[in-house]
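Down below is the structure, laid out as structure tokens.
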Amino acid sequence: MDFHRPATLTEALEYKARNPGAVPIAGGTDIMVELNFDVHRPAALLDLNPVTELAEWGNDGDRIRIGACVPYSRVINELGTRLPGLAIAARTVGSPQIRNRGTLGGNLGAASPAGDGHPPLVASGAHIELSSVRGVRRIPAPEFFTGVKRNVLEPDELITAILVPAARGPQQFAKIGTRNAMVIAVCAFALSLDPESRGVGTGIGSAAPTPRRATSAETFLSEALDWEKRSDIDETVSRRFGRLTAEAASPIDDVRGSAAYRRHALSVMARRTLGWAWKEYQCA
Numbered sequence: 256m257d258f259h260r261p262a263t264l265t266e267a268l269e270y271k272a273r274n275p276g277a278v279p280i281a282g283g284t285d286i287m288v289e290l291n292f293d294v295h296r297p298a299a300l301l302d303l304n305p306v307t308e309l310a311e312w313g314n315d316g317d318r319i320r321i322g323a324c325v326p327y328s329r330v331i332n333e334l335g336t337r338l339p340g341l342a343i344a345a346r347t348v349g350s351p352q353i354r355n356r357g358t359l360g361g362n363l364g365a366a367s368p369a370g371d372g373h374p375p376l377v378a379s380g381a382h383i384e385l386s387s388v389r390g391v392r393r394i395p396a397p398e399f400f401t402g403v404k405r406n407v408l409e410p411d412e413l414i415t416a417i418l419v420p421a422a423r424g425p426q427q428f429a430k431i432g433t434r435n436a437m438v439i440a441v442c443a444f445a446l447s448l449d450p451e452s453r454g455v456g457t458g459i460g461s462a463a464p465t466p467r468r469a470t471s472a473e474t475f476l477s478e479a480l481d482w483e484k485r486s487d488i489d490e491t492v493s494r495r496f497g498r499l500t501a502e503a504a505s506p507i508d509d510v511r512g513s514a515a516y517r518r519h520a521l522s523v524m525a526r527r528t529l530g531w532a533w534k535e536y537q538c539a
């Protein structure tokens, strides 16, 4: 196995163009497990840790540009107030050690339907930046995923950044697993409220082949909420929002849970996150 350690992004992209089969590695929380269990033996590893521009974040207009190698712990500690939904999801990832090493870029590259970072990216209207020697393109988060552990990355491309609109209202994330820590989600749900545009964003995880929005639930809720008076949400509104969210999923039965349980859990999480987010809006 070849091991290449570029010093710059340009060098990394040039190497990837010459060696499209090379697997990028940053935190290594996924690829090292596959290597240790001999599940995957790539011809080459491309170590991105020395590429400093991938480990930085900054403003990009009204969005926050997060380098693909920024670890979850920094998202929590440095971006918690500006991207609260993503920070809440990051806190549920693995252990402190994994959060110190694991990255959003790696999570996206693996493209697991159960990736904890995916639902808040979908709910907040994030874009994924892909780069190659041919240029740069930015893909809306829901369109980045094409199937179970599949994405739109071309063989010569690297994920270089995630562009996330700064929160303009309350955001929430909920996840159900078989225990409280170090667990793959049975299902997950993210919610983003934008009082300025009276918009609602949703993200469903681990309940379909790819992370997805509940568009009918978003439309219903944006029209049903009393944005001006901030009145309490009627129980019938909350329940319908939960039902529409569950209907947007297409879960399967597997060792972690049944399809029926996942639909029920999504309905409950949608109602609960709505209650938490609306209470925050009422108190703002």
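Residue numbers (our numbering): 256 to 539.
Ideal Cβ placement from N, Cα and C applies to all residues, glycine included.
A quick note: this is a predicted structure, and the numbers were derived from the prediction, not measured.
**Option in 492, 323, 340 with minimal Cα separation from residue 365** = 323
**Message:** Looking at the secondary structure, which residues open and close the alpha helix (DSSP H) in which residue 351 lies?
**Reply:** 351 to 356
**Prompt:** What do you reckon, are the CB atoms on residue 271 and residue 363 nearer than 7 Å?
**Reply:** no
**Message:** With the cut-off set at 7 Å, would you say residue 417 and residue 476 are in Cβ contact?
**Reply:** no
**Request:** Quick one: using the 10 Å Cβ neighbour count with 16 as the cut-off for buried, is residue 347 buried or exposed?
**Result:** buried
**Extent of the continuous beta strand (DSSP E) to which residue 307 belongs** = No beta strand (DSSP E) contains residue 307, which DSSP labels as neither H nor E.
**Asked** Which one of 356, 448, 387 has the shortest CA to CA distance from residue 422?
**Response** 448
**Asked** If you draw a straight line from the C-alpha of residue 263 to the C-alpha of residue 276, how long is it?
**Response** 19 Å
**Message:** So that I know if they touch, is there some Cβ in chain E lying closer than 7 Å to that of residue 399?
**Reply:** The question asks about chain E, but that chain is absent: this structure has only one protein chain.
**Request:** Take the Cβ of residue 405 as the centre, count every other Cβ of all protein chains shown within 10 Å, and call the residue buried at 16 or more, exposed below.
**Result:** exposed
**Message:** Quick check: residue 469 and residue 503, are their CB atoms within less than 7 Å of each other?
**Reply:** yes
**Prompt:** Closest to residue 440 by CA distance: which of 297, 289, 301, 521 is it?
**Reply:** 521
**Item:** Segments of 4+ residues assigned as alpha helix (DSSP H) that fall wholly inside the stretch 359 to 387
**Value:** 359 to 365, 373 to 378
**Message:** Tell me whether the stretch 488 to 505 and the stretch 423 to 436 touch, counting them as touching only if at least three CB pairs, one residue from each stretch, are closer than 8 Å.
**Reply:** no
**Item:** Start and end residues, beta strand (DSSP E) containing residue 414
**Value:** 413 to 420
**Message:** Less than 7 Å between the beta carbons of residue 442 and residue 471, yes or no?
**Reply:** no
**Asked** Is residue 493 helix, strand or coil by DSSP?
**Response** helix
**Asked** Within 10 angstroms of its Cβ, does residue 419 collect 16 or more other Cβ (buried), or is it exposed?
**Response** buried
**Item:** Per-residue burial, residue 373 [other beta carbons within 10 Å of its own, 16 or more giving buried]
**Value:** buried
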